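Going by the numbering used here, the sequence shown opens with residue 3, and the numbers climb by one from there.
Even for Gly, the Cβ is constructed at its ideal location relative to N, Cα and C.
Since we're looking at a predicted model, the values are computed, not measured.
Please read the structure below before turning to the comments.
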Amino acid sequence: MKLIDDALLRELTAKAAASPRQRAHHNLHPRLDDPVQRLCIAIEPGTYIRPHRHADPPTWEIFLLLRGAAVVLFFDDIGRVVARMEVAASGPVRGLEIPPDTWHTITSIEPETVFFEVKKGPYVQPKDNNIAAWAPAEGAPDVMKFLEWYKDAKTGDIPPKC
Numbered sequence: 003m004k005l006i007d008d009a010l011l012r013e014l015t016a017k018a019a020a021s022p023r024q025r026a027h028h029n030l031h032p033r034l035d036d037p038v039q040r041l042c043i044a045i046e047p048g049t050y051i052r053p054h055r056h057a058d059p060p061t062w063e064i065f066l067l068l069r070g071a072a073v074v075l076f077f078d079d080i081g082r083v084v085a086r087m088e089v090a091a092s093g094p095v096r097g098l099e100i101p102p103d104t105w106h107t108i109t110s111i112e113p114e115t116v117f118f119e120v121k122k123g124p125y126v127q128p129k130d131n132n133i134a135a136w137a138p139a140e141g142a143p144d145v146m147k148f149l150e151w152y153k154d155a156k157t158g159d160i161p162p163k164c
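Right, dumping it as structure tokens:
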């Protein structure tokens, strides 16, 4: 039996806070080729997950907030925001399913945020066509500018030039 309990969430958030990337994950699936990927991901404010999609192969994703709060942004092919969803462990929206081939990202708006993610496996390293060319690469100088934009980005907004 595998438990998702307070001890695991505390350990995971401590790892995320200590990580240069400000995030950490805990896989519940035993192998990367498992047909169903299930994991807990701790994200701190300031973490950057480059906008991406799961088009090749086409894969859905489910996010369920276990602790804290986050913003999920959805984009069109040029990076224009098509939807913004705030999700929080305390509700009113606690989770969502993202369809295949949908540009998206998630960012923490509260410390010690943890979400549970489920997606179709096996894990496949994202190909270039699944990573947003209009968003800075992780570690690039403009990442902080992009993260600041995330905080208030609304439907119809276009990301800053980076």
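- Contact check for Phe77 and Phe117: beta-carbon distance about 19 Å, past the 8 Å limit, so the pair fails to qualify.
- Closest in C-alpha terms to Pro138, from the list Leu41, Pro94, Tyr152 and Asn29, comes Tyr152.
- Cβ contact annotation for Asn29 (same chain, cutoff 6 Å, sequence separation greater than five): Leu41, in chain order.
- The alpha-carbon of Ala85 is positioned some 15 Å away from that of Arg55.
- Three or more beta-carbon pairs drawn from the region 45-64 and the region 96-103 are found closer than 8 Å, and the two stretches are therefore classed as touching.
- Pro37 has its alpha-carbon roughly 29 Å from the corresponding atom of Glu114.
- In the three-state DSSP reduction, Ala18 falls in the helix class (H, G or I).
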